[in-house]
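A.B. asks: Residue numbering for the sequence shown follows our numbering, beginning at 3 and increasing consecutively. Below you'll find the structure I mean.
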Amino acid sequence: MKNAESTAIDVAPDTNHSGPIAKKKSTTPLLAAAPVPVRSDRGTHRMKRGLAIFDIILRIGVLAAALAAAATMGTSEETLPFFTQFFQFEASYDDLPTFQFFVIAMGIVAGYVMLSIPFSIVCIVRPHAVGARLLLLILDAVAMTLNTAAAGSAAAVLNIAHAGNSSTNWLAICNQFGDFCQQASGAVVGAFAGVLLFLLLILFSALSLKNSH
């Protein structure tokens, strides 16, 4: 009987490795070994919170300016010391519809700003609240328009009160009613200060919304 042929196959030793066990080659790309930097939103969060805090400070300033303007114009009144039995020379804000509109408009602006302060506090607690910020931006623009209209119309009337208008025979009454015109002028200056603060509010609100995206 013939001997069965051996089926064993000799395997040549691996001479590429010094150890008995071959080390597995790494197939990971070299670039993947470097850590990928993770962007942190901490700086953006702090900036948005800072803008929200500055927003409420500006609103308090607008509220003070609007209340001061309305109160100053609403109490503007002067009576000349000389009068007769039948005539008394007196100047008051309610003698002019423009000044009446000024007082009402500044009262509305002050009321709006007072109601908007809680929304501004929400923006401090939640700096990423886009809806509240967008609502304030729209309402601030409307309130600034009303404030500008009141201040501009009152300034036009005061200009006529100071300089007069010879074409329409309007006399310059500020030569006689100096205290009245001075008080009304102070109210108009306060109203224009509110317009400037409103402009800053709108700019900072727009900047905060831009950083939200």
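Glycine is no exception: its CB is placed at the ideal position from the N, C-alpha and C atoms. The structure displayed is predicted, hence computed values, not measured ones.
Counting pairs of Cβ atoms below 8 Å between the segment 118-132 and the segment 154-165, do you hit three or more?
C.D. replies: Flag = no, the segment 118-132 and the segment 154-165 do not touch.
A.B. asks: Hey, how far is the Cα of A189 from the Cα of A165?
C.D. replies: As a first step, residue 189 must be located in the sequence shown, where it is residue number 187. As a first step, residue 165 must be located in the sequence shown, where it is residue number 163. Cα to Cα, A189 sits roughly 19 Å from A165.
A.B. asks: Going by C-alpha distance, which of L211, L203 and K212 is nearest F56?
C.D. replies: In the sequence shown, counting from the first residue as 1, residue 56 sits at position 54. Taking only the C-alpha atoms, the option nearest F56 is L203.
A.B. asks: Give every residue of the same chain whose Cβ lies closer than 7 Å to the Cβ of A174, excluding the five residues on either side of it in the sequence, and list them in chain order.
C.D. replies: Numbered from its first residue, the sequence shown carries residue 174 at position 172. Within the same chain, A174 has close Cβ partners A163, H164, A165 and G166.
A.B. asks: Is T150 helix, strand or coil when you go by DSSP?
C.D. replies: By one-based count along the sequence shown, residue 150 stands at place 148. Of the three classes helix, strand and coil, the one that applies to T150 here is helix, per DSSP.
A.B. asks: If I'm right that A67 touches A195 with Cβ under 8 Å, what's the distance once you round it to whole angstroms?
C.D. replies: For the purposes of this step, residue 67 is taken as the residue at position 65 of the sequence shown. For the purposes of this step, residue 195 is taken as the residue at position 193 of the sequence shown. The pair is a contact, with the Cβ atoms about 5 Å apart (cut-off 8 Å).
A.B. asks: At the level of alpha carbons, what is the spacing between G109 and K212?
C.D. replies: As a working note, residue 109 is residue 107 in the sequence shown. As a working note, residue 212 is residue 210 in the sequence shown. If you take the alpha carbons of G109 and K212, they lie about 32 Å apart.
A.B. asks: Taking the alpha-carbon of V191 as reference, which of L69, E79, N171 and A134 has the nearest alpha-carbon?
C.D. replies: Numbered from its first residue, the sequence shown carries residue 191 at position 189. Of the candidates L69, E79, N171 and A134, the one whose C-alpha sits nearest the C-alpha of V191 is L69.
A.B. asks: Inspect the beta-carbon positions of D65 and A112 and report whether they are closer than 7 Å.
C.D. replies: On the sequence shown, residue 65 is found 63 positions in, with the first residue counted as 1. On the sequence shown, residue 112 is found 110 positions in, with the first residue counted as 1. In the sequence under discussion, the amino acid at residue 65 is Leu, which differs from the Asp named in the question. Result yes, Cβ atoms of L65 and A112 sit closer than 7 Å.
A.B. asks: On the three-state DSSP scale, how would you describe N167?
C.D. replies: As a first step, residue 167 is located in the sequence shown; it is residue number 165 there, counting from the start. Here N167 sits in strand by DSSP.
A.B. asks: Name the two residues that bound the continuous beta strand (DSSP E) containing T81.
C.D. replies: By 1-based counting over the sequence shown, the position of residue 81 is 79. T81 -> beta strand (DSSP E) spans E79 to T81.
A.B. asks: Could you tell me the alpha carbon to alpha carbon distance between A34 and I62, rounded to whole angstroms?
C.D. replies: Counting from 1 along the sequence shown, the entry for residue 34 is found at position 32. Counting from 1 along the sequence shown, the entry for residue 62 is found at position 60. Annotation note: pLDDT 47 at A34 (below 50); position unreliable, no value reported.
A.B. asks: Is the CB-CB distance between A93 and E80 below 7 Å?
C.D. replies: Working through the sequence shown from its first residue, we reach residue 93 at position 91. Working through the sequence shown from its first residue, we reach residue 80 at position 78. Yes, they are a contact pair.
A.B. asks: Over what stretch of residues does the alpha helix (DSSP H) that includes A93 continue unbroken?
C.D. replies: Locating residue 93 in the sequence shown gives position 91, where the first residue counts as 1. First-last for A93: E92 to S94, but that is the beta strand (DSSP E), not the alpha helix (DSSP H).
A.B. asks: In whole angstroms, give me the CA-to-CA distance for S118 and A153.
C.D. replies: Numbered from 1 along the sequence shown, position 116 holds the residue referred to as residue 118. Numbered from 1 along the sequence shown, position 151 holds the residue referred to as residue 153. For S118 and A153, the distance between alpha carbons rounds to 21 Å.
A.B. asks: For L199, which residues in the same chain have their Cβ closer than 7 Å to its Cβ, ignoring the five residues on either side in sequence?
C.D. replies: The sequence position of residue 199 within the sequence shown is 197, counting from 1. Within the same chain, L199 has close Cβ partners L60, G63, V64 and A67.
A.B. asks: Where do the N-terminal and C-terminal ends of the alpha helix (DSSP H) with Q184 fall, by residue?
C.D. replies: In the sequence shown, the residue the question calls residue 184 occupies position 182. That run of the alpha helix (DSSP H) goes G180 to K212.
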